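Just so you know, the sequences run in chain order Y and W. Note that the numbering used here has the first sequence beginning at 540, numbered continuously upward. Note that the numbering used here has the second sequence beginning at 15, numbered continuously upward. Glycine residues also receive a C-beta, built at the ideal position from the N, C-alpha and C atoms. Source: prediction; values computed, not measured. A short write-up of the structure that comes next.
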Amino acid sequence: MTSAVRTLCLLALLAGCAPAAYLFQMDTSGFVGNPSGPFSLTFSLVDGGGAETNTVDITDFNVGTGSLTGLPVLSGGAITIPGGFRIVDTGLDNRVTQTFDPGAVLQFLASFTTLPDDPAPDALSFSILDSNGIEVPTTGLGNTILYLELTPGALAELSASAEDPSLFDQPTFTEVPEPATSALLLFGGVLILRARRGARG
Amino acid sequence: MRLLFLASLLAVFLCPAQVPVAMSQHNTDRTNANLSEVLLNTSNVRPATFGKLFARDVDNTAYAEPLVIPNVNIPGKGLRNVVYVATMSNTIYAFDADDPQESTPLWSRNYGNGPPDDSWFASTRGILGTPAVDLSTNTMYFVKTEGTATANHLWLHAVDIATGADKFFSPTQLLFPKDTGDLVPSTPHTIQRPGLLVSNGSVYIGIAYFRPDANESWISQDGFVVRYTANDIRTQQARFQTTPTGLKGGIWQAARGLAADAAGYLYVATAGGDWDGVTNFGSSVVRLHPGTLAVVDYYTPANHETLFHGNLDISGGGVILVPGTDYLVAGGKEGVIYLLKRSAMGNLDGAGAGAWQKFPGINGCMTDCAATLGTAWWNKTNPILYAWSRRDYLRAFAFNGSTLNTTPAAVGTLRNEMGGTPAVSANGGTAGTGIVWATTTAANANATVVPGVLRAYNALDITQEIWNSEMNSTRDSMGGYVKFAQPVVASGKVYMVTNSNKLQVYGPQCGVDVGSMVTVTRSGFRYVASTRKYLQTLTIRNNAPASLSGAVNVALDNLSSGATLANSAGSTSCAAPSGSPMATAFGLSGFLAAGASRTVTLEFTTTNNNPITYTPRVIAGGGAR
């Protein structure tokens, strides 16, 4: 393998390992028909130390047989974008609240920057509110379901379950390579494979 | 990306226990030094910032040192830091060590009536020697005197530190050999003075035993060390008698506890008595086998006859084992300081034998004078021996690793009438943290009650008295002085027994800023829509070598305009700056062990959209906030 090919492969692989979007998933079948509804999804980006820098995109919602209903309530640096919301750190509190008709599943993609703030990091928190605007009780601090610190090597914290585990249990938040990154990863892999075959020949 | 789940993020470590005071002089080396003290220093032990926090009533004089055991699970009350006081009425008190409001003992128990005393000590003779606690079994061992004026005997108790209940077949009567070899109970006036020793599953007791003998012109005060199995005290397992075929040689050591090395060998100083180097070991320092209590080595000064007949006990100070070395320090009424090698103690002074080093360190005396050699050892890079005797000045002697400098590095400015018995507190060898504590009196305390003064000196310059209990006597007065009683320093407090039926507790009047000892890590904020609160966690890690205890709060200085700490536990009013809202990490009975972390949740509200900013200040100790 030539050094140029080796470098290309390395770049492709590195691109494949870089942070991308994260997929949040949870089973919301326990919410279907629940008398505490209608429910709302609320995403809040809170400034940590005054350096207003970070941005979070919440997109690609999938609520199964359910749907997002009505218009979102936006505050601070929150705006709508195609397929979801963008929340920009423009002040202490930047928030989106969106009512939804639950299906069996809730999933969305979260893409975010991880610029450090000091002495506390910027953080995104996600909760589900009941019809009275009260958080569904969870095992997370402040009844959050997802808490995400926007720092290099971002720190995510998931509520293990609702206080009533029949409502939901074990949500996940996993990295999903972006399409371009996936292509680069695939390309790099192919290059390595071909180079090895060439060396054997 | 690290995915940490809630449980791990909020982990609050179950802390190992903080440094306890489980025996007299803090440790089996009997250094009389607490080198894990992180709250007291030469800056905050000052009249404006340090003084009496509270006092506790007890039923008689206490000669035994108070013991401080953290995290004791008291039935019905939970985990508490406990200070134990043993009195001359045979009562043990267990008080909350930290809470000024909890004046009622967590438990107390009287273990029987002591005989009326000859007023040399107190109105009655009860528990004299400092108890010892076996932390592996949560058991306290102590010796009481029980009975009437003409028939009283010594008994060993083993009690549960959580309740005071007897255990391990407690109590058992101490028995002594008659000339015939029969074992009999102790006679009146027998005293158990040295602090007890618990080591390697055994309990050791030092005794000065009165042996009435019609054929003698005096009553012999023979010395004994006896051993019992810690978890079954019914039967005496071994016995060392200082002068089995001679007279005297009592073991009292001015109350200092029996010392033991890592292998369990005991080091004991005997009072004036017959000596032959084979059977009788009066006026000596002996090394005893931990099992048989046989003498395996000894040192005896050449003038032992003079010491014997002049009542100049070499035992009037006990033994310090110099930590990390092969040396020990001893000395007594004569004022001579002996530095001996443990592995070759020297035997009788003479050509090619004798003490490694000896020199007249303090004034001492030439005949019966009731002087003692109070000592403490600050073990650091350049170790220091502190010594203070009766009618003398506090002195500091530097140790170079093999000898003591015979010229004191410093001499205090106060000549006492009685007292001394210095104790050291410091954060390791850190400059600015070393304090020499001592009590003195300006009058003769033998057979009468005289006022005492608790004193604190800069350990690196003992000419500097940085605080004493008479600088603000209205607040800090100590009360009646107790001979040989040593201040006990633990976790930012100084515990002092008195001849006024009180335990006095001193400490910083305000909480201490321990910012240099901890790191504080802040999480981001999470917004709770229903309450409109912003939650943040602070993780406090103790980087100090010792526990932080006696309540830990976090004050938020310079909290940004518009923000309010919704779960505030009040505001600082004593610990400057004042007016800062506080959150509580843990209360008076909690502690944060060295290297451990604790997470505190802060709840904020705000009237604007500005960032919530502040400067965290971690405050520890028992003083006001």
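To the nearest angstrom, how far is the alpha carbon of residue i from that of residue j?
i               : j               : result
T144 of chain W : A440 of chain W : 23 Å
L616 of chain W : V450 of chain W : 40 Å
T159 of chain W : Y312 of chain W : 31 Å
S491 of chain W : N572 of chain W : 38 Å
S594 of chain W : S587 of chain W : 8 Å
V82 of chain W  : A504 of chain W : 7 Å
M37 of chain W  : L210 of chain W : 7 Å
G609 of chain Y : T638 of chain Y : 7 Å
S700 of chain Y : F570 of chain Y : 13 Å
G603 of chain Y : V644 of chain Y : 5 Å
E51 of chain W  : A607 of chain W : 13 Å
A367 of chain W : N317 of chain W : 14 Å
D290 of chain W : G140 of chain W : 34 Å
T619 of chain W : T578 of chain W : 5 Å
Going along the chain, which residues of its own chain have a beta-carbon closer than 6 Å to the beta-carbon of residue i, five neighbours each way excluded?
i               : result
V333 of chain W : A273, Y281, A283, L342, A344
G587 of chain Y : D656, A659, P660, D661
N430 of chain W : T454
R225 of chain W : S234, D236
E696 of chain Y : Y686
Q564 of chain Y : Q646, T711
Y520 of chain W : K66, V508
L408 of chain W : W402, G426, I476
S231 of chain W : Low confidence applies here, because S231 of chain W scores a pLDDT of 47, under 50, leaving its location unreliable and the question unanswered by this model.
T621 of chain W : G576
V35 of chain W  : L81, V82, V502, A504
What is the DSSP secondary structure of residue i, counted as helix, strand or coil?
i               : result
A461 of chain W : coil
M531 of chain W : helix
D327 of chain W : coil
A268 of chain W : helix
R253 of chain W : strand
H303 of chain W : coil
N482 of chain W : strand
G319 of chain W : Position check: residue 319 of chain W holds Glu in this sequence, whereas Gly was assumed. Here E319 of chain W sits in helix by DSSP.
S231 of chain W : Here the model assigns S231 of chain W a pLDDT of 47, short of 50, so the residue's position is not dependable and the matter cannot be decided.
R60 of chain W  : coil
F570 of chain Y : helix
L211 of chain W : strand
N593 of chain Y : coil
V672 of chain Y : Strictly speaking, residue 672 of chain Y in this sequence is Gly, with Val absent from that position. Three-state DSSP puts G672 of chain Y in coil, outside helix and strand.
S575 of chain W : coil
T619 of chain Y : strand
G375 of chain W : coil
R429 of chain W : coil
D490 of chain W : helix
G237 of chain W : strand
L680 of chain Y : helix
V502 of chain W : strand
What residues in its chain sit with their C-beta under 7 Å from that of residue i, if we drop five residues either side in the sequence?
i               : result
N658 of chain W : The shown model of chain W, from 15 to 639, leaves out residue 658 of chain W, and the question about it has no answer.
K91 of chain W  : L120
R94 of chain W  : V86, I88, D110, L120, S603
L474 of chain W : A445, G448
H40 of chain W  : N46, A47, N48
Please report the Cβ distance between residue i and residue j, rounded to the nearest whole angstrom; I am assuming they are in contact, meaning their Cβ atoms lie under 8 Å.
i               : j               : result
V595 of chain Y : A649 of chain Y : 6 Å
V614 of chain W : A599 of chain W : 5 Å
V585 of chain Y : G538 of chain W : 6 Å
P114 of chain W : V511 of chain W : Between V511 of chain W and P114 of chain W the Cβ distance is about 18 Å, and since that is not below 8 Å, they are no contact.
N482 of chain W : T45 of chain W  : Between T45 of chain W and N482 of chain W the Cβ distance is about 23 Å, and since that is not below 8 Å, they are no contact.
N633 of chain Y : G615 of chain Y : 3 Å
Looking only at its own chain, which residues have a Cβ that is under 8 Å from the Cβ of residue i, when we skip the five neighbours before and after it?
i              : result
V26 of chain W : In this predicted model, V26 of chain W has a pLDDT of only 32, less than 50, meaning its place in the structure is not dependable; the value taken from the coordinates is given anyway. Within the same chain, V26 of chain W has close Cβ partners S611, R612, T613.
Near-chain W residues of the segment 629 to 646 of chain Y (beta-carbon distance less than 8 Å), N- to C-terminal order: G630, L631, D632, R634, T636
Name the residues in the segment 539 to 564 of chain W whose C-beta lies less than 9 Å from a C-beta of chain Y; which are they? Legend: CB atoms of the segment 539 to 564 of chain W lying less than 9 Å from CB atoms of chain Y belong to residues F539, R540, Y541, V542, A543, S544, T545, K547, Y548, L549, Q550, T551.
Proximal residues, the segment 298 to 326 of chain W versus chain Y, C-beta separation under 8 Å: Look at the segment 298 to 326 of chain W: it has no residue with a C-beta under 8 Å from a C-beta of chain Y.
Residues, ordered as in the chain, of the segment 681 to 709 of chain Y that lie near chain W by beta-carbon distance below 9 Å: Listed by position along the chain: G681, N682, T683, Y686, L687, E688, L689, T690, G692, A693, L694, A695, E696, L697, S698, A699.
Please name the residues in the segment 68 to 86 of chain W whose beta-carbon is closer than 7 Å to at least one beta-carbon of chain Y, in chain order. none
Of all the residues that make up the segment 85 to 113 of chain W, which are near chain Y by a beta-carbon distance shorter than 7 Å? none
Could you run through the segment 650 to 663 of chain Y and flag, in chain order, every residue whose CB is less than 9 Å away from some CB of chain W? D656, P658, A659, P660, D661, A662, L663
Positions along the segment 577 to 588 of chain Y whose CB lies within less than 8 Å of some CB in chain W: T581, S583, V585, D586, G587, G588
Counting only Cβ-Cβ distances shorter than 8 Å, please list the residues of the segment 593 to 626 of chain W near chain Y, keeping chain order. Sequence-ordered contacts of the segment 593 to 626 of chain W with chain Y read T615, T620, N622, N623, N624, P625, I626 [C-beta pairs closer than 8 Å].
Interface residues of the segment 519 to 538 of chain W facing chain Y [CB-CB below 8 Å]: R536, S537, G538
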